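Colleague:
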Amino acid sequence: MFQSPDSGSLIHLATRRVLVVDDEPTLRLGFSYALSNKTTYVETAATGRQALDATAKADFDVIILDLRMPDIDGLGVIKSLRNVGIQTPIVLCSAGLNSSSTMQALLNGVVDFLHKPICPAELRGVVDFILTPSNQLFPKAMRAAREGAYDVAIGFLNQAASPDTQTTAWADIFTLLRNEKHKGETFLLEQHVNQHLNLLAYREPGGV
Amino acid sequence: MLRLRLFYGLLTIVVLLWGVGGAALLLMNDSSDQYSARLKEDYQIIDAAQSCRTITATLNSHYLPQLATPVVEKPLDRSLFDKLKVELQGNLNIVTNSTKGDPEWAGVAQRFEQAIDIYCDGYENYFSGNVVKLSDRADLLRYMSTQTQRLTDMSDSIMSLGEKTLFNGAKLLGREAGKNILLITTLVILGTTVAALIYYQLVRHMVDPVARLTHSIEEIRKGNFELVLPTPGRGSEFISVASAFNDMAAELKVHRMQTNENLQRANLVNRAILEAIPSPVYILSDDTKVIQMNPAAENLSEKVGIASRIPLKIQRILDDCRENGSHFLPEDPREALLFRIEEKEYYYLPRIFRFESENHSHASGSGWAILLHNVSRIRWLDDMKTNLIATVSHEIKTPLTGIRMVLHLLMEERTSKLDEMQKTMVSSASEDCERLLGTLNSLLDLSRAESGTTHLTRHHSSLQDRVETAATLYADMARAKNVQIHVSPELPNAPKVYIDSVKMDEVLNNLVSNAIKHSPRGGKVSLAVTRPEADFLRVSVIDEGPGVPEAAQSRIFERFFRASGQDHDGVGLGLFISREIMRAHEGRIGLMERSENQTEFYIDVPIA
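Here the protein sequences line up with chains A and B, keeping their order.
Taken in order, the first sequence gives residues 1225 to 1432; the numbers are from the numbering used here.
Taken in order, the second sequence gives residues 61 to 668; the numbers are from the numbering used here.
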């Protein structure tokens, strides 16, 4: 369904397919221009409904999804996709990410977040981070998490020699998500998400 | 006047006393005289009778023995007889004279005289010398003894009569004494009557007015000013007292009426004011019993379903106030209490204050007043404003992110190069875009702070952890400015605090970023958790910057305030939002007085 990062051949790279879902036309335009290149194909959708239509017609490697949309909002799109078994990595990109929407996304296997406003570099960065992760522990952990392997992800994160706040925050959240499968307690998760909301969004390496 | 009456009354008693005493003395004297006279008189008779018997015995013993012997030729000596006869005659006279016209006595005296005459005749016969014959002499002797016996009997009867008279006299005297006793008794009764009269008069003129006065004072004390003391008769010492008292009562009455009128007016005014106030007002006594409430308060209590009591939420605040002896006068509508009335939400800002009369001894002169200011509309408008700001900011922010994206792409010059002029324009537009985004973010923060601070998600957390998180978060920013962040080691046994960590982080981040912003290059920012008092922990954020200008110090926590001459970004909401968050935590935020070129901001977080 999505590209294996290790099998990074040119042909595969040339067939990167990204879906940008946002109701803001200029943003769609900007995202398209920012991501489009010889190896990346970008398709756009203005509403949740269009996004679901697009994903039904074709497969995508990454979906950049806005949260607030007129018909079906970002969370609705996520749930619909997961319901039909589409596990495409999704980047939830919003200006108004709060703890409850973040938690809903996390519970549906979405672990990548972008906090608007963003610059082109961040956008490209997050797509690369997902599709061609480096061999470092954190990107590997996040990749495992995207596949639902929280234990693997926690294992990677715990290997970190000097864990930063982001690493520990994610480790805690993955632990809670893993436990969440067995128990139905979202309380601790929400509390934790609430505490570390600022740390969860993707950050360009070197940026503050 | 009273003095004169008293004098006359007592004079009468004294005169009576003298009279009774004198009369008693006189009567005693008189009866004793009478008694001795009577005794003397009656005793004379008895004495005379007794003497008669003695004389006859003497005569008989002298002469009669000779009769028993034959005639002795010798002249008979009659000298003794003559002498004793005179005595006998004298005694007879005494008896006769003592008859006092009493017929019984007269008869007795007459018979006594006859007996003496007959007795004397016998002796005359004897002395005549005719009795020579022995038989004659015997006859005479017999005769004499008979007469003597008769005389003796007579004497006895006179004596007994005399005794009887004496007894009668005593009885008479007794009767006389009885009369005297009656007289004295009458006088004593008279005296007693006069004394009673005087007592009555005294009571009437002296005790009664005093008693009436006392009673009247008592009545006035009870508030009955209608009572008037009757004016006593002319010349009474009580006239002045009574009139003074009546004047006083009248003045008191007037005064009371005025006071009553004033009170009534004040009461009416108060009630009118209370009724005119649309906010519920409760007036409570010291023990928080409701004394008075205005129609709005009655209405509220009724609708909340607690007739004539104050709502429980307010009772709690009131109890706190009573405990601390403080007023509760919040200004911020966000401190209002929510009441659900008929499925609608109403916000009332309670204002509780204690009132006390200047006269502290007066127990009823103090209590509590509670005014519930209905701030529902203000809250609603405030919420509307917050929502409006949030909505508008979002609506602006969304296209702005697109614009920003496009501007960034242009500046990347990936597809085509820009000339200098285009570059300048695009970067200027980008800067404006960034500024606008900053403002929008602040506005969103503000609305979030205003709508969100009332809904804290609190947990028990370590304040030291929060401080260290903030320090870590800003380590890069500090490094960029060559500022060193120093966190003091954790306080031993520091208790956990009950906080919303995210909100608390916001406050700490704000303070730390401010401190770094205002630090000189190469300066130091110190963070420390201390416990200056038992019930809260304090986080101090100290920098070595130029400090807050004095004129600005009182306003730095106001929204949109920025100290003049500040060249840093921001719209002046950071400290305001921090204050709101601290307020929601029932804590404090403040600026210490500047010392040793250090600026210290602190937050006090209550210990759970």
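Using N, Cα and C, we set each Cβ at its ideal position, and we do this for glycine too.
Just so you know, these numbers come straight off a predicted model, no measurement behind them.
Counting only C-beta atoms, is histidine 546 of chain B closer than 8 Å to chain A at any point?
Modeller: No, no contact with chain A.
Colleague: What does the Cβ neighbour count give for methionine 1225 of chain A, buried or exposed, with the cut at 16 atoms within 10 Å?
Modeller: Note that methionine 1225 of chain A has pLDDT 36, beneath the 50 cutoff, so the model's placement of it is unreliable and the number below is only indicative. Methionine 1225 of chain A should be labelled exposed.
Colleague: Looking only at its chain, what residues have a beta carbon closer than 8 Å to the beta carbon of valine 435 of chain B, apart from the 5 residues adjacent to it on each side?
Modeller: Cβ within range, chain order: Pro393, Ala396, Tyr407, Tyr408 and Leu409.
Colleague: Per DSSP, what kind of secondary structure is arginine 411 of chain B in: helix, strand or coil?
Modeller: Strand at arginine 411 of chain B.
Colleague: What does DSSP give as the partner residues of glycine 659 of chain B in its beta bridges?
Modeller: Here the sequence assigns threonine to residue 659 of chain B, which means glycine is not the residue at that position. Paired residue(s): B:Asp603.
Colleague: Buried or exposed: methionine 1293 of chain A, going by 16 or more other Cβ atoms within 10 Å of its Cβ?
Modeller: So methionine 1293 of chain A ends up on the buried side.
Colleague: Which residue wins for smallest C-alpha separation from leucine 516 of chain B, given the options B:Glu566, B:Glu473 and B:Glu494?
Modeller: Checking every option, the nearest Cα to that of leucine 516 of chain B belongs to B:Glu566.
Colleague: For glutamate 147 of chain B, I'd like the list of residues in its chain whose CB is within less than 8 Å of its CB, leaving aside the five on either flank, ordered along the chain.
Modeller: If we look at glutamate 147 of chain B and ignore the five residues flanking it on each side, its Cβ neighbours are Ser111 and Ile115.
Colleague: Under a Cβ-count criterion, where at least 16 other Cβ atoms within 10 Å of its own Cβ denotes burial, should isoleucine 649 of chain B be classed as buried or exposed?
Modeller: It is buried - the Cβ of isoleucine 649 of chain B has at least 16 other Cβ atoms within 10 Å.
Colleague: With distances taken between CB atoms, is the gap from leucine 152 of chain B to isoleucine 178 of chain B smaller than 8 Å?
Modeller: Not closer than 8 Å, so no.
Colleague: Who are the neighbours of tyrosine 1257 of chain A on chain B, taking C-beta pairs under 7 Å?
Modeller: Chain B residues near tyrosine 1257 of chain A: Leu469.
Colleague: By the three-class DSSP mapping on this structure, what secondary structure does leucine 1321 of chain A have?
Modeller: If DSSP states are grouped into helix, strand and coil, leucine 1321 of chain A belongs with coil.
Colleague: Counting only the same chain and skipping the five closest in sequence on each side, list residues whose C-beta sits under 8 Å from that of glycine 1232 of chain A.
Modeller: At glycine 1232 of chain A the pLDDT is 39, less than 50, meaning the model places this residue with poor confidence; the figure from the coordinates comes in the next sentence. The answer, listed in chain order, is Thr1356.
Colleague: Roughly how many angstroms lie between the CA atoms of arginine 281 of chain B and lysine 363 of chain B, to the nearest whole one?
Modeller: In a straight line, the C-alpha of arginine 281 of chain B is about 44 Å away from that of lysine 363 of chain B.
Colleague: Given this structure, state the Cα-to-Cα distance separating isoleucine 1310 of chain A from glutamate 1267 of chain A, to the nearest angstrom.
Modeller: Approximately 17 Å, taken between the alpha carbons.
Colleague: In whole angstroms, what separates the C-alpha of glycine 359 of chain B from that of tyrosine 558 of chain B?
Modeller: Here residue 359 of chain B turns out to be asparagine, not glycine, going by the sequence shown. Each residue's alpha carbon lies about 38 Å from the other.
Colleague: Against chain A, with Cβ distances strictly below 8 Å, would isoleucine 576 of chain B count as a contact?
Modeller: Output row for isoleucine 576 of chain B: interface = no.
Colleague: Exposed or buried, glutamate 640 of chain B, counting other C-beta atoms within 10 Å across all chains shown (16 or more means buried)?
Modeller: It is buried - the Cβ of glutamate 640 of chain B has at least 16 other Cβ atoms within 10 Å.
Colleague: Given this structure, state the Cα-to-Cα distance separating leucine 378 of chain B from leucine 523 of chain B, to the nearest angstrom.
Modeller: Near 32 Å, if we compare the C-alpha coordinates of leucine 523 of chain B and leucine 378 of chain B.
Colleague: What ranges does the beta strand (DSSP E) occupy inside the stretch 490-538 of chain B, keeping only unbroken runs of at least 3 residues that lie completely in it?
Modeller: If we require 3 residues or more, the beta strand (DSSP E) runs fully inside the stretch 490-538 of chain B come out as 519-521.
Colleague: Count the other CB atoms, across all protein chains shown, that sit within 10 Å of the CB of histidine 468 of chain B; report buried if there are 16 or more and exposed otherwise.
Modeller: So histidine 468 of chain B ends up on the buried side.
Colleague: List the residues of chain B that glutamate 1248 of chain A touches, going by C-beta distances under 8 Å, in chain order.
Modeller: Here the neighbours are Thr458, Pro459, Thr461 and Gly462.
Colleague: Residue range of the alpha helix (DSSP H) that glutamine 352 of chain B falls in?
Modeller: Glutamine 352 of chain B -> not in any alpha helix (DSSP H); beta strand (DSSP E) instead, spanning 350-353.
Colleague: Please give the ranges of any alpha helix (DSSP H) in the stretch 157-231 of chain B, keeping only runs that are unbroken, at least 4 residues long and fully inside the region.
Modeller: Whole alpha helix (DSSP H) segments, 4+ residues: 163-187.
Colleague: Who are the Cβ neighbours of threonine 1436 of chain A in its own chain at under 8 Å, not counting the five residues just before and after it?
Modeller: This structure cannot speak to residue 1436 of chain A, because chain A is shown only from 1225 to 1432.
Colleague: Specify the secondary structure class of glycine 24 of chain B as computed by DSSP and reduced to three states.
Modeller: In this structure chain B extends from 61 to 668, so residue 24 of chain B is not present and cannot be described.
Colleague: What first and last residue would you give for the alpha helix (DSSP H) that runs through arginine 464 of chain B?
Modeller: Run containing arginine 464 of chain B: 436-472, per the alpha helix (DSSP H) assignment.
Colleague: Output the boundary residues of the beta strand (DSSP E) element that contains threonine 590 of chain B.
Modeller: Counting along the chain, the beta strand (DSSP E) containing threonine 590 of chain B begins and ends at 584-593.
Colleague: Considering only DSSP beta bridges, list what aspartate 664 of chain B is partnered with.
Modeller: According to DSSP, which records beta bridges pairwise, aspartate 664 of chain B is partnered with B:Arg598 and B:Arg648.
Colleague: Quick one: is glutamine 1415 of chain A near chain B, going by C-beta distance under 8 Å?
Modeller: So, interface residue.
Colleague: Please give me, in chain order, every unbroken run of the alpha helix (DSSP H) with length at least 4 that falls completely inside the stretch 541-590 of chain B.
Modeller: 561-578, all fully within the stretch 541-590 of chain B.
Colleague: If you measure from the beta carbon of serine 1233 of chain A to each beta carbon in chain B, is any gap under 8 Å?
Modeller: The predicted position of serine 1233 of chain A is uncertain, since its pLDDT is 42 and thus under 50; a value taken from the coordinates is nonetheless stated next. Taking Cβ atoms only, chain B never reaches closer than 8 Å to serine 1233 of chain A, which makes this a no.
Colleague: Name the residues in the stretch 1386-1401 of chain A whose C-beta lies less than 7 Å from a C-beta of chain B; which are they?
Modeller: Hits within the stretch, in order: Thr1389.
Colleague: Is the beta carbon of aspartate 595 of chain B sitting closer than 8 Å to the one on proline 666 of chain B?
Modeller: It is a contact, given that the beta carbons lie within the stated cut-off.
Colleague: Tell whether a beta-carbon distance below 8 Å holds between leucine 1222 of chain A and alanine 1258 of chain A.
Modeller: Any property of residue 1222 of chain A remains undetermined from this structure, which presents chain A solely from 1225 to 1432.
Colleague: Give me the Cβ distance between valine 254 of chain B and threonine 72 of chain B, rounded to the nearest whole Å; I'm assuming they're in contact under 8 Å.
Modeller: With a Cβ gap of about 5 Å, valine 254 of chain B and threonine 72 of chain B count as contacting.
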